[in-house]
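Peer 1: Below is one structure. I have some questions about it.
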DNA sequence: TATCTTAGTATAACGATGTTATGCAAGTCA
DNA sequence: TGACTTGCATAACATCGTTATACTAAGATA
């Protein structure tokens, strides 16, 4: 039997997906989970706690997407695989992705555990990007390479999620992302960061 | 004498800047502007209308940043100037920038006028990016080039605004953006899109 | 056994939010 | 003048996140 705690998380996830951020109220979560509103406060630290849990879930998916790509030996192939994985995760769980990037609740600030999950995900991305650099490259170089890749991939996703979608008829966001990433990756391989 | 309408806008802008999104309540705006809450509904279409006005303001600044860079003849110099202008605008008006990218109020969806302002800004960006392509290049190619640049610049800004700021000690976001943009620009100049 | 502590729940309420119904004052035009 | 629109103020509405209070059930301790 599922615990009330897990039922609350499940309900919150469903609501965020189907009703959007504005439908994610404490009362709605409690009602869908079949508990009283106070349950949100006994099992989590209020709405903030529930959002934190979803935030962690979201970044853990990113972590796995990067880690699995890390297993590929060939550096460029591994990075491109990671980018595709990242886009798949962001597409399949758009609500969680928006939460991660602060587009869900302006008041929400991730708590310590949530930030730790973000750090783990970023670390796995740095590890993936490091494959493009010499083994002994300094940490700051690795981070720079990772950020360059992440900025580009996330930038495309953010524009894609944004109203620009309506402005410019465009159906090959994924291909465009890959082309641009290849350009950046080749540059890193050739010149470092 | 300033009209009540302009006083409301001014108050909303100040509140968003100083108190953040959560401080931007209808009552707070009205109070700071020295009008009654109902004034927000006679002069604008409620909170949505005020946000629309700020949204338009924000995109108009982006438009100007792109247009002024367009006056530079040398293509690469013009684009780099545009990127620097864009980052300056986003930095000087971070609250407005976040509003534009949906990080302020999850419920808010830009109305028709706001979307039109966004389109104008994007058009000026396409015009700027077009300098990198042959004069007769198809519109879709120009849009692709513009999106590639925009995604990278915005991606860096979004990560910079994000919690990543705390995760990775990093103080040369601007330089990193320029380096990556140069890579993309050179690639477009050499191979098209 | 009897009492105490603790966790989880339910009800109801608090303050704050966006919005609106009602009423009033002033100006405009027939 | 009389009918009308426009702008404002007050007060109220439903909903939001949160919490104070009280109750139940289980486990621990004497």
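Protein chains in written order, with the numbering used here: chain A, 25 to 217; chain B, 25 to 217. We treat Cβ as the ideally placed atom computed from N, Cα and C, and that holds for glycine.
#1: How about the segment 120-136 of chain B and the segment 191-200 of chain B: do they share at least three Cβ pairs that are nearer than 8 Å?
#2: Let me make sure I understand the geometry here. Which of B:41, B:147 and B:186 has the alpha-carbon closest to that of residue 192 of chain A?
#3: In the DSSP assignment, find the unbroken alpha helix (DSSP H) run with residue 201 of chain B in it and report its ends.
#4: Which residue comes first and which comes last in the alpha helix (DSSP H) that contains residue 222 of chain A?
#5: Count the CB pairs spanning the segment 33-48 of chain B and the segment 118-134 of chain B that are closer than 8 Å, and state whether there are at least three.
#6: Check the Cβ of residue 129 of chain A against every Cβ in chain B and list those closer than 8 Å, keeping chain order.
#7: Less than 8 Å between the CB atoms is what I'm expecting for residue 57 of chain A and residue 32 of chain A, so what's the real figure, rounded?
#8: Identify, in the order they occur along the chain, each residue of the same chain with its Cβ nearer than 8 Å to the Cβ of residue 218 of chain A, setting aside the five sequence neighbours on each side.
#9: For residue 218 of chain A and residue 214 of chain A, what's the separation of their Cα atoms in angstroms?
#10: Residues in the same chain with beta-carbon distance under 6 Å from residue 217 of chain B, minus the five sequence neighbours each way, listed in chain order, please.
#11: Tell me which residue opens and which closes the alpha helix (DSSP H) that residue 29 of chain B is part of.
#12: Let me check understanding here. Comparing Cα to Cα, which of A:99, A:54, A:185 and A:149 lies closest to residue 86 of chain A?
#13: Between residue 172 of chain B and residue 112 of chain A, what straight-line distance do the alpha-carbon atoms span, to the nearest angstrom?
#14: How would you call residue 98 of chain A, buried or exposed, if buried means at least 16 neighbouring beta carbons within 10 angstroms?
#15: Using only the alpha-carbon positions, how far apart do residue 175 of chain B and residue 59 of chain A sit?
#16: Where in the segment 137-179 of chain B do unbroken runs of the alpha helix (DSSP H), each at least 4 residues long, occur, reported from the N-terminal end onward?
#17: Under DSSP, the alpha helix (DSSP H) around residue 83 of chain A begins and ends at which residues?
#18: Figure out for me which residue from A:185, A:75 and A:181 has the closest Cα to the Cα of residue 202 of chain A.
#19: Taking residue 177 of chain A and residue 107 of chain A to be in contact with their CB atoms under 8 Å, please state how far apart those CB atoms are, rounded to whole angstroms.
#20: Give me, in chain order, the residues of the same chain whose beta-carbon lies closer than 6 Å to that of residue 144 of chain A; leave out the 5 immediate sequence neighbours on both sides.
#21: Does any C-beta atom of chain B lie closer than 8 Å to the C-beta of residue 46 of chain A?
#22: I want to see whether chain B comes within less than 8 Å of residue 192 of chain A, judged by CB atoms only; does it?
#23: Can you name the residues of chain B whose CB is closer than 8 Å to the CB of residue 178 of chain A?
#24: Give the C-beta separation of residue 90 of chain A and residue 183 of chain A to the nearest angstrom, bearing in mind that I take them to be a contact with Cβ-Cβ under 8 Å.
#25: Answer yes or no: do residue 212 of chain A and residue 156 of chain A have a C-beta to C-beta separation smaller than 8 Å?
#26: Please report whether the beta-carbon of residue 83 of chain A lies at a distance below 8 Å from any beta-carbon of chain B.
#27: Secondary structure at residue 103 of chain B, three-state DSSP: helix, strand or coil?
Peer 2: Taking the geometry as given:
#1: no
#2: B:147
#3: Residue range 197-215 is occupied by the alpha helix (DSSP H) that includes residue 201 of chain B.
#4: Outside the displayed range of chain A (25 to 217) lies residue 222 of chain A, so it cannot be described from this structure.
#5: yes
#6: 130
#7: 5 Å
#8: Examination of residue 218 of chain A is not possible in this model, given that chain A is present from 25 through 217 alone.
#9: Outside the displayed range of chain A (25 to 217) lies residue 218 of chain A, so it cannot be described from this structure.
#10: 165, 168 and 169
#11: 28-43
#12: Selection A:99, A:54, A:185 and A:149 evaluated against residue 86 of chain A yields A:149 as nearest (Cα-Cα).
#13: 20 Å
#14: exposed
#15: 43 Å
#16: none
#17: 70-94
#18: A:181
#19: Right, the Cβ-Cβ distance comes to about 5 Å (below 8 Å), so this counts as a contact.
#20: 87
#21: yes
#22: yes
#23: Correct list: 179, 182 and 183.
#24: Not quite, the Cβ-Cβ distance comes to about 22 Å (not below 8 Å), so this is no contact.
#25: yes
#26: no
#27: helix
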